[in-house]
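These notes are about the structure you will find just below.
In full-length UniProt numbering, the protein residues as written are 1 to 345.
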């Protein structure tokens, strides 16, 4: 979900911004949660997507692995106002830390302010807030998602019409993926025309938007789905209704690339129904959400630089740090890789 990422220059890292082995320093005197004890509340944005269902299942497992006492997750059910209410309810229950996935990057700021007022640290997962105080954002580089999808499509389609089914543009993820995909296509594949469907992470909007677009543009050559968990099925169904659904390798095949890395997408790749997906690390989102909140509750503070778990923390804007986790492209060549979380459920 989505703000511009400003990476810390390597020179700055060399001047002292590098992380130590665990990417943090102790500052117990300045943190109300010093000591690291207490319960953690976790919010999820929705449960209608297999990706978020997987993340939801990972949260208690990864919390236990990290030695964190996590309350049952709270589902915002695609309602940003409910998410703020949920945050306030958790704060009133006395949680000492919050792991939040914002639905709306701007709306969540009210919840972050409430947490700050109570001295409760917050880690944001998957979606960066527009502003407000967070100890860490755990997120893959969503601009890279759009660029990787563009390149996967561009390897097979260098001219004609392609569609991107976008996420919610109130979320930084939707904006990052959309902007990066457009820019990559414009720069690398100037003969490609990008058409767009504003679907807000909702299957019904993807379905109706694609129906209208395909009626007017039956000559499309590819579709980029920014969330395979909610968009893959309606995209396949829309193509079938228009008699445009053909397997990978068929000359009439419409190239399909998505984001998520859920088991259903991996199965579709194996079956020749999907060309590629970018695997969002649902397991590591849960793991490192709990990893960072445990440290924040213990009074540790963090700096930009490489981590001890193969990622890099970057300063996306003054005071906002983001642990950018790897998100590999999955194709038929590596779909059976056991390191992919979608192969381990």
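Backbone N, C-alpha and C fix where the C-beta goes; we use that ideal spot for every residue, glycine too.
- Rounded to whole angstroms, what's the CA-CA distance from residue 215 to residue 141? Just pull it up for me. Position 215 of the chain shown, counting from 1, holds the residue named residue 215. Position 141 of the chain shown, counting from 1, holds the residue named residue 141. The straight-line gap from Cα to Cα measures roughly 34 Å.
- Task: Would you please state the rounded distance, in angstroms, between the beta carbons of residue 235 and residue 223? I believe it to be under 8 Å.
- Result: Taking the chain shown and counting its residues from 1, the one referred to as residue 235 is at position 235. Taking the chain shown and counting its residues from 1, the one referred to as residue 223 is at position 223. With 8 Å as the limit, residue 235 and residue 223 qualify as a contact, their Cβ atoms being about 6 Å apart.
- What whole-angstrom Cβ distance do residue 76 and residue 83 have, given they're in contact under 8 Å? As a first step, residue 76 is located in the chain shown; it is residue number 76 there, counting from the start. As a first step, residue 83 is located in the chain shown; it is residue number 83 there, counting from the start. So it is a contact: roughly 4 Å between Cβ atoms.
- Query: How many Å lie between residue 146 and residue 181 at the Cα?
  - Reply: Counting from 1 along the chain shown, the entry for residue 146 is found at position 146. Counting from 1 along the chain shown, the entry for residue 181 is found at position 181. Roughly 4 Å separates the two Cα atoms.
- Item | Coil, strand or helix - residue 28 by DSSP | In the chain shown, residue 28 corresponds to position 28, counting from 1. Interpretation of residue 28 is limited by its pLDDT of 35, a score under 50 that renders its predicted location unreliable; no figure is taken from the coordinates.
- Item | Separation of residue 121 from residue 237, as counted between CA atoms | Position 237 of the chain shown, counted from the start, is the residue given in the question as residue 237. Position 121 of the chain shown, counted from the start, is the residue given in the question as residue 121. Whole-angstrom Cα-Cα distance: 43 Å.
- Message: To test your reading of the DSSP string, which unbroken alpha helix (DSSP H) runs of 4 or more residues are found completely within the region 71-148?
- Response: With a minimum length of 4 residues, the continuous alpha helix (DSSP H) runs that stay inside the region 71-148 are 80-92 and 109-117.
- Span of the alpha helix (DSSP H), counted from its first residue to its last, around residue 249: As a first step, residue 249 must be located in the chain shown, where it is residue number 249. Segment: none, residue 249 is in no alpha helix (DSSP H) and carries neither H nor E.
- Cβ of residue 230 within 8 Å of any chain D Cβ: Included in the structure is just one protein chain, with no chain D present.
- Are the region 248-259 and the region 267-278 touching, with three or more C-beta to C-beta distances below 8 Å? yes
- Message: Quick check on the DSSP output: what are the complete alpha helix (DSSP H) runs of length 4 or more inside the region 225-267, in order along the chain?
- Response: 228-241
- Item | Spatial distance of residue 232 from residue 57 (CA atoms) | Looking up residue 232 in the chain shown gives position 232. Looking up residue 57 in the chain shown gives position 57. Our two residues, residue 232 and residue 57, have alpha carbons roughly 21 Å apart in a direct line.
- Would residue 327 pass as a contact of residue 281 if the rule is Cβ separation under 8 Å? Numbered from 1 along the chain shown, position 327 holds the residue referred to as residue 327. Numbered from 1 along the chain shown, position 281 holds the residue referred to as residue 281. Contact flag set, yes.
- Just the C-alpha distance for residue 347 and residue 68, rounded to the nearest angstrom, thanks. With the chain covering 1 to 345 only, the question about residue 347 has no answer from this structure.
- Item | Validate contact between the region 310-323 and the region 94-101 using beta carbons, cut 8 Å, 3 pairs | no
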